[in-house]
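Position one of the sequence shown corresponds to residue 5 (our numbering), numbered consecutively onward.
Have a look at the structure below before the remarks.
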Amino acid sequence: MNVTEIETLRKIALVFKNNQEAILENWTMAVKRDGITRSSEDLECFRNGFKVLLRDFSYYLSKKDLDGYYRGNKVIARQLANNDVSFSKFVKAFHLFEESYKDHLVAAFHLEDLVNALGTIDLLHHDTISLISEVYLDIKDVTVFALARLAELRDPETGHHLERTREYSATLAKHLGQSEHFVNLIYRVGPLHDIGKVGIRDSILLKPGPLTSSEYEEMKTHCVIGAETIQRIIDEQKVSNGYFVMAKEIILYHHEQYDGSGYPEGLRGCDSFGCEDFRAGRYL
Numbered sequence: 005m006n007v008t009e010i011e012t013l014r015k016i017a018l019v020f021k022n023n024q025e026a027i028l029e030n031w032t033m034a035v036k037r038d039g040i041t042r043s044s045e046d047l048e049c050f051r052n053g054f055k056v057l058l059r060d061f062s063y064y065l066s067k068k069d070l071d072g073y074y075r076g077n078k079v080i081a082r083q084l085a086n087n088d089v090s091f092s093k094f095v096k097a098f099h100l101f102e103e104s105y106k107d108h109l110v111a112a113f114h115l116e117d118l119v120n121a122l123g124t125i126d127l128l129h130h131d132t133i134s135l136i137s138e139v140y141l142d143i144k145d146v147t148v149f150a151l152a153r154l155a156e157l158r159d160p161e162t163g164h165h166l167e168r169t170r171e172y173s174a175t176l177a178k179h180l181g182q183s184e185h186f187v188n189l190i191y192r193v194g195p196l197h198d199i200g201k202v203g204i205r206d207s208i209l210l211k212p213g214p215l216t217s218s219e220y221e222e223m224k225t226h227c228v229i230g231a232e233t234i235q236r237i238i239d240e241q242k243v244s245n246g247y248f249v250m251a252k253e254i255i256l257y258h259h260e261q262y263d264g265s266g267y268p269e270g271l272r273g274c275d276s277f278g279c280e281d282f283r284a285g286r287y288l
């Protein structure tokens, strides 16, 4: 940003500093109104994140310290990723944040200056969302591939299988009309579907010939083992409705069949393919 834009941000930061509580309350009411959060814990997690964002904006930009503000954005991104908060929900909440302060800017700026102020802060918000998205997805990718690598180390054939299935899953989701975010999410968590194989004995996992009936029954438990592993991650998080919730269901149900012949639950028809989840976009 140029010198004029940074000076404009400084003036906006002073408005935010003098109206922090009112802006935060406006945002909270808007989030409740639009039903973005599912629970009080969910709301509290979002509220704390935006409280930090508002505080950083007021503090760093009042000092014209753009780098300091961006460092704060990275901290928020790590918190979102570690709590498995849906990124698309964060973006929706962020747009409500924009709504929550506009009246204060209207009161503080003359019309001509207001147009410039709104344009400048829109540019900053674009940078903020881009930066948080980049850090968020980097953290998620590291976590997913670290876990997926466990299965690949046990069974080298799994590595190639992971690449194929993630491509198929993303392609199917796209053809079913899912959003770009959903397609990206299923592509990223898809490699986790076989992590439960780390709990299967080598004598079964690496057996060159056909499995016996009892061996096959043990092999089938990899779905439950993997889902329970991810559930432990979810249980440690205050809020979880994004990556790992989708990952758990993919892991648990990826061997279900449309005719009910799959495992572990023998689901039939649409239930076996999570059709309701796809229609509702529940992970968004």
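Glycine is no exception: its CB is placed at the ideal position from the N, C-alpha and C atoms.
It should be emphasised that the depicted structure is a prediction, and the values quoted were computed from it without experimental measurement.
Handout entry: Assigned exposure category for Met-33 - 16 Cβ within 10 Å defines buried
Key = Here residue 33 refers to the residue found at position 29 when the sequence shown is read from its first residue. Exposed, by the Cβ-count rule.
Problem - Anticipated Cβ contact below 8 Å, Val-291 with Ala-177, distance rounded - result: What the structure shows of the chain is the stretch from 5 to 288, and residue 291 is not part of that stretch, so it cannot be assessed.
Problem - Beta carbon of Tyr-267 nearer than 8 Å to that of His-259 - result: The residue given as residue 267 occupies position 263 in the sequence shown. The residue given as residue 259 occupies position 255 in the sequence shown. Cβ atoms of Tyr-267 and His-259: closer than 8 Å.
Handout entry: the stretch 12-27 contacting the stretch 81-100, beta-carbon criterion three pairs below 8 Å
Key = no
Practice task
Run through the stretch 202-276 for me and flag every whole beta strand (DSSP E) of 3 or more residues, listed as ranges in chain order.
Solution key: DSSP assignment within the stretch 202-276 yields no whole beta strand (DSSP E) run of 3 residues or more.
Practice task
State whether the stretch 74-85 contacts the stretch 135-142, with contact taken as three or more CB pairs (one from each stretch) at a distance under 8 Å.
Solution key: yes
Problem - Contained alpha helix (DSSP H) runs [length at least 4] in the stretch 59-105, N- to C-terminal order - result: Runs found: 70-86.
Practice task
Compute every distance between the C-beta of Leu-13 and the non-hydrogen atoms of the ligand NAD, then say whether any falls below 7 Å.
Solution key: Absence of the ligand NAD is noted for the structure shown, with no ligands found whatsoever.
Problem - Simplified DSSP state of Arg-51, which is helix, strand or coil - result: In the sequence shown, the residue the question calls residue 51 occupies position 47. In this structure, Arg-51 counts as helix in the three-state DSSP scheme.
Problem - Proximity below 8 Å, CB of Ile-238 to CB of Lys-224 - result: Start at 1 with the first residue of the sequence shown, and residue 238 comes out as number 234. Start at 1 with the first residue of the sequence shown, and residue 224 comes out as number 220. Contact flag unset, no.
Problem - Cβ neighbour criterion (16 or more within 10 Å) applied to Tyr-287 - result: Along the sequence shown, one-based indexing puts residue 287 at 283. Note on Tyr-287: pLDDT 46, under 50, position unreliable in the model; no value is reported.
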